[in-house]
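Novice:
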Amino acid sequence: MLWKVLLLLGLSSAWAQKLCSPGASDGYKVRLSINSALGDQAYVWNENEMFLFRATLAFAMRTYSDGQEYDVANVVVCDETPRVSFWFVVTSPLDASLLVDKRRVEEAVRKSRSRINSAFLLTDDTLEFIGIPPTLEAPVAPDTPPWLIAFGVVMGGVGAGIVVLLVSSVVQKIRKKRDGEEETGGKTENEAASDAIYNMSFSDDEPVTQM
Amino acid sequence: MRLVFPNPRLEDRIPSHEDLELMEKVETGDRLKWGSKTQYLLTCVGFCVGLGNVWRFPYLCQSHGGGAFMIPFIILLVFEGVPLLYLEFAIGQRLRSGSVGVWSSIHPYMTGVGIASMTVSFFVGMYYNTILAWVMWYFLNSFQSPLPWSQCPLNDNLTDLVSECKRSSPVDYFWYRETLNTSTSIEESGGLQWWMVLCLAAAWSVLYLCCIRGIETTGKVVYITSTLPYVVLTIFLIRGLTLKGSVEGIKFLFTPDLNELLNPSTWLDAGAQVFYSFSLGVGGLISFSSYNPVHNNCEQDAIIIAIINGFTSIFAATVIYTIIGFRATKQFDDCLNENILMLLNAFDLVEGTVTEINYDEMLQNLNSTISGSEVIQGLDLSTCNLRTFLSDGVEGTGLAFIVFTEAITKMPISPLWSVLFFVMLFCLGLSTMFGAIEGVVVAIQDFKIFPTWPKEVISGIVCLSSFLIALIFSLGSGNYWLALFDSYAGSIPLLIIAFCEMVGVAYVYGIERFNKDIEFMIGHKPNIFWQAMWRVISPLIVLVIFLIYFVNEVSSTLTYITWNPSSENFPVLEILPYPNWVYIIILLLAGLPSLAIPGFALYKVLQKCCCKKTIKKLELNTVSANVNMYDTK
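Chains as they are written, first to last, in my numbering: chain A, 1 to 211; chain B, 212 to 844.
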């Protein structure tokens, strides 16, 4: 009896291995770059980590696929290399000889990519599913572009400055006219001033030289 | 040497030494005065030190033999730059007038030189302030993290990055597409880009605010605009030296290659750089100097300004190249790591077998087997050469808006460095603009076109009209127009003006009289060095540069570089020849100011021949007025 059970187990695992092969039509290649991602804090890739991978993938299939109860045994892995890369296929929980369609696997992986990444402390670049491009994050577009706000601030300040300076020169001109009228003779407009810059805010009578 | 052009009635047109003493003592001062010597020096330093020190000199230095470039630069600084500077300072201080007033006093036929200066000031001011508008745009966009030029935007259906950005780089895309929205050639105008119009308005408004009352207002602003660049450069130097690869950059910059000294274009570029770096011939320096007290030591000022300008160029070059060294090293590391990853993936090797250190020998090992070399050929590994990355075309707007911005995105706390960098560029450019505006506004006042209008209004009109004409630079093809103006509006006319200035002072005004004036002003005659420079050597150098430049331009078909996403070699910039109608514009830009000099002389000759009576009347007028000296009409 025992040898029959063993035979069945051996056959099923051999059968499973046949399903998974490099370049399988319903399989995907996975590549991890743990050292470049984590540097000194890199963990060693071993059987336990592989178990976690298979469990995570089973979780992804459970949650985002047809809702069937996928198990760790349904995720078959083969062709492991020291690079840390391998191929995997997913078998149906109902029939171990049937492979789950490629697109369903892809959909599940896509939707749970961030969960898978964080399980291994990796990112889209360092945990690659060859053939499944990562979905790009939609950019956060603020309502008003930040540069317009900065522009408003700058123009506001500059505009206020111009208005202040113009008003102060007009005020000085009025003051000077008043003083000029009080003086007798008013011979300020002589030839000597004709070549000077006609800067009304800067004249002979101005007591406060605005320098 | 008694070679002097006959110049009767010169004394009637200029204030005599006694008049000057009188003007000194009687503190009435119809003319503006500097608040303090510091304001004057800072304004001159700000005018001379500009964007060219930061983005032209480092490139010239690196491409003409590094440390060896210092030799022609310093030689030409001494023989060309300082004498011209001293001349402009002295003549302005002596004749107490802006550019137009000075030249019309020296001889009425030479008024054209002043007009040419004013025209060049106007054209140069227009396009220079557009560069400041671009700087303003980048500055305004620096207040966000991550910086907008650090990543490519997504396309419309969010499936991939925008193709134009993917094929070039995020910084290129942000510059050519999101800032300029550049068209593919100068013929396609592309319409006004509203964000550019806003930035242009902002730049001109800031300039108007600072120049509203002439040196009264600019004299205060220069305390910030002339000193802030040095502070920022120092901060960048310290930050840069702590980055990896910065020393590589400095070594690359200063490694001398003495063979470059035999190359005539090295000397030509050095001469041109010295000349344009001092903003000579634009009229601003004469004007600034005319507000000085009569006995101000202009010789000392000229030497100080020249030294500061030279030092700033070298300092800025060092800072720029620490950052460029950092960027090049980063690019090299990225390139190498990409190759390493490709090798690891292709051969399924354990991570860490191929590193930066053993890359070459591992590559050889893998290449040694037949199957291995086949695989490697299929991989298409890129060659990573640090020198290529270091000599990446890094001058002009490309340096500031593409290379440097990219380097900033790789530094931690990027928005801070971006804000600092663009504030520095803005200050450098703004202080140069002060001189340009001064050159135009004072010329208008000297011509008495609007005699009763206050300075605020004239400055306003100048700024507004420049802004309206400069809207051409906010078109889709604006970048190409700006390159056109940059190459032709400022280059040839300035050389001609400088040559005429030196000849005018040495031979029309009279070098003997000039020497006596300087002795009156600063107490001693200029020594034999200055005599030799003013009379012979400096004009000769300027003439040689002009001739070589002119012949070069005339003999070659003029081309320009364009950004064309549909061209074959994209992202390499496409070189196109100018269409025919652009040649007319080039002739106008370069010819109008240059021809103003002989043109106005001719006009004066005709006027003299036809209207002899009116001149006699004016002579009576000039005798009666004591300070009125500019009635040359």
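Note that the Cβ used here is the ideal one computed from N, Cα and C, for glycine as well.
Quick one: does G563 of chain B have its CB under 8 Å from some CB of chain A?
Specialist: Taking Cβ atoms only, chain A reaches closer than 8 Å to G563 of chain B, which makes this a yes.
Novice: Here's a check: name, in chain order, each residue in its chain whose Cβ is nearer than 8 Å to the Cβ of V485 of chain B, leaving out the five neighbours to either side.
Specialist: These residues qualify, in order along the chain: F284, L287, L288, E291 and G292.
Novice: By the three-class DSSP mapping on this structure, what secondary structure does P354 of chain B have?
Specialist: According to the sequence as given, residue 354 of chain B is Phe; it is not Pro. Residue state, collapsed to three classes: coil.
Novice: When the Cα atoms are used, what is the spatial distance from T195 of chain B to G589 of chain B?
Specialist: Summary: the structure shown does not reach residue 195 of chain B, with chain B confined to residues 212 through 844, and so no result is reported for it.
Novice: Indicate the three-state DSSP secondary structure (helix, strand or coil) for K541 of chain B in the structure shown.
Specialist: If DSSP states are grouped into helix, strand and coil, K541 of chain B belongs with the helices.
Novice: For chain A, check one thing: does any of its Cβ atoms lie closer than 8 Å to the Cβ of E222 of chain B?
Specialist: E222 of chain B does not count as touching chain A.
Novice: Along the region 154-178 of chain A, what residues have a CB closer than 8 Å to any CB found in chain B?
Specialist: Within the region 154-178 of chain A, the qualifying residues are V154, M155, V158, G159, G161, I162, L165, L166, S169 and K173.
Novice: Consider the C-beta atom of E764 of chain B and the heavy atoms of the ligand FMN; say whether any pair is separated by less than 7 Å.
Specialist: Absence of the ligand FMN from the depicted structure is noted, as is the absence of any ligand whatsoever, leaving it without description.
Novice: Taking Cβ positions only, does F637 of chain B come closer than 8 Å to chain A?
Specialist: No, F637 of chain B lies away from the interface with chain A (no Cβ there is under 8 Å from its Cβ).
Novice: Can you pull the chain A residues whose beta carbon is under 8 Å from the beta carbon of A301 of chain B, in chain order?
Specialist: What A301 of chain B touches in chain A: nothing, since even the nearest Cβ is about 21 Å away.
Novice: Going by DSSP, what residue range makes up the beta strand (DSSP E) through S85 of chain A?
Specialist: S85 to V90 is the span of the beta strand (DSSP E), which, as asked, contains S85 of chain A.
Novice: Counting C-beta neighbours from all protein chains within 10 Å, is the total for M1 of chain A 16 or more, i.e. buried, or is it exposed?
Specialist: So M1 of chain A counts as exposed.
Novice: Taking only the alpha-carbon atoms, compute the straight-line gap between S227 of chain B and L491 of chain B and give it to the nearest angstrom.
Specialist: Whole-angstrom Cα-Cα distance: 26 Å.
Novice: When you compare only the Cα positions, how much space is there between I525 of chain B and I613 of chain B?
Specialist: The straight-line gap from Cα to Cα measures roughly 22 Å.
Novice: In whole angstroms, give me the CA-to-CA distance for D230 of chain B and P504 of chain B.
Specialist: Taking the straight line from one Cα to the other gives about 13 Å.
Novice: Shortest alpha-carbon distance to I672 of chain B belongs to which of B:F447, B:I655 and B:E235?
Specialist: That would be B:I655, whose Cα lies nearest to the Cα of I672 of chain B.
Novice: One question on the structure: do L693 of chain B and T341 of chain B come within less than 8 Å of each other, judged by their Cβ atoms?
Specialist: For L693 of chain B and T341 of chain B, yes; Cβs fall inside 8 Å.
Novice: Would you tell me roughly how many angstroms separate the C-alpha atoms of T56 of chain A and W45 of chain A, rounded to the nearest one?
Specialist: Looking at the two C-alpha atoms, the distance is approximately 15 Å.
Novice: Going along the region 342-370 of chain B in order, which residues come within less than 7 Å of chain A, judged by CB to CB distance?
Specialist: Answer set for the region 342-370 of chain B: L351, N352, F354, Q355, P364, L365 and L369.
Novice: So that I know if they touch, is there some Cβ in chain B lying closer than 8 Å to that of A55 of chain A?
Specialist: Judged by the 8 Å Cβ criterion, A55 of chain A is not in contact with chain B.
Novice: At which residues does the alpha helix (DSSP H) containing F499 of chain B begin and terminate?
Specialist: G495 to S501 is the extent of the alpha helix (DSSP H) around F499 of chain B.
Novice: Need the endpoints of the beta strand (DSSP E) that E128 of chain A sits in, please.
Specialist: Unbroken beta strand (DSSP E) run through E128 of chain A: L127 to I130.
Novice: Does DSSP classify Y43 of chain A as helix, strand or coil?
Specialist: Of the three classes helix, strand and coil, the one that applies to Y43 of chain A here is coil, per DSSP.
Novice: When the cut-off is 8 Å and only beta carbons count, does G186 of chain A lie next to chain B?
Specialist: In this prediction, G186 of chain A has a pLDDT of 48, which is less than 50 and means its spatial position is unreliable; what the coordinates show is noted afterwards. By this cut-off, G186 of chain A is not an interface position.
Novice: Helix, strand or coil, according to DSSP, for R857 of chain B in the structure here?
Specialist: Shown here, chain B extends from 212 to 844; a query on residue 857 of chain B therefore has no answer.
Novice: In this structure, how does DSSP classify I423 of chain B when only helix, strand and coil are distinguished?
Specialist: Residue state, collapsed to three classes: coil.
Novice: What does DSSP give as the partner residues of P788 of chain B in its beta bridges?
Specialist: In DSSP, P788 of chain B forms a bridge with B:T770.
Novice: Taking just the CA atoms, how far does E562 of chain B sit from M61 of chain A?
Specialist: Those two C-alpha atoms are separated by around 30 Å.
Novice: Classify R178 of chain A as buried or exposed, calling it buried when 16 or more other Cβ atoms lie within 10 Å of its own Cβ.
Specialist: When all chains shown are included, R178 of chain A counts as exposed.
Novice: Ignore the nearest five residues each way along the sequence and tell me which others in G27 of chain A's own chain have a CB closer than 7 Å to its CB.
Specialist: Counting only Cβ-Cβ distances below 7 Å, and skipping sequence neighbours, we find C20, W87, F88 and V89.
Novice: Evaluate L473 of chain B with the Cβ neighbour count: other Cβ atoms within 10 Å of its Cβ, from every protein chain shown; 16 or more gives buried, anything less gives exposed.
Specialist: Flag for L473 of chain B reads exposed.
Novice: Under 8 Å between C-beta atoms, does I225 of chain B make it to chain A?
Specialist: Cβ-Cβ to chain A under 8 Å: no for I225 of chain B.
Novice: What residues from chain A crowd round E667 of chain B, counting only those whose CB sits closer than 7 Å?
Specialist: Within chain A, the residues near E667 of chain B are L166 and S169.
Novice: Please report the residue range of the beta strand (DSSP E) in which E80 of chain A lies.
Specialist: From DSSP, the beta strand (DSSP E) with E80 of chain A extends over V75 to T81.
Novice: Per DSSP, which one or two residues make a beta bridge with K29 of chain A?
Specialist: A:W87 and A:I130.
Novice: Could you give the DSSP three-state label for L94 of chain A: helix, strand or coil?
Specialist: Coil, per DSSP.
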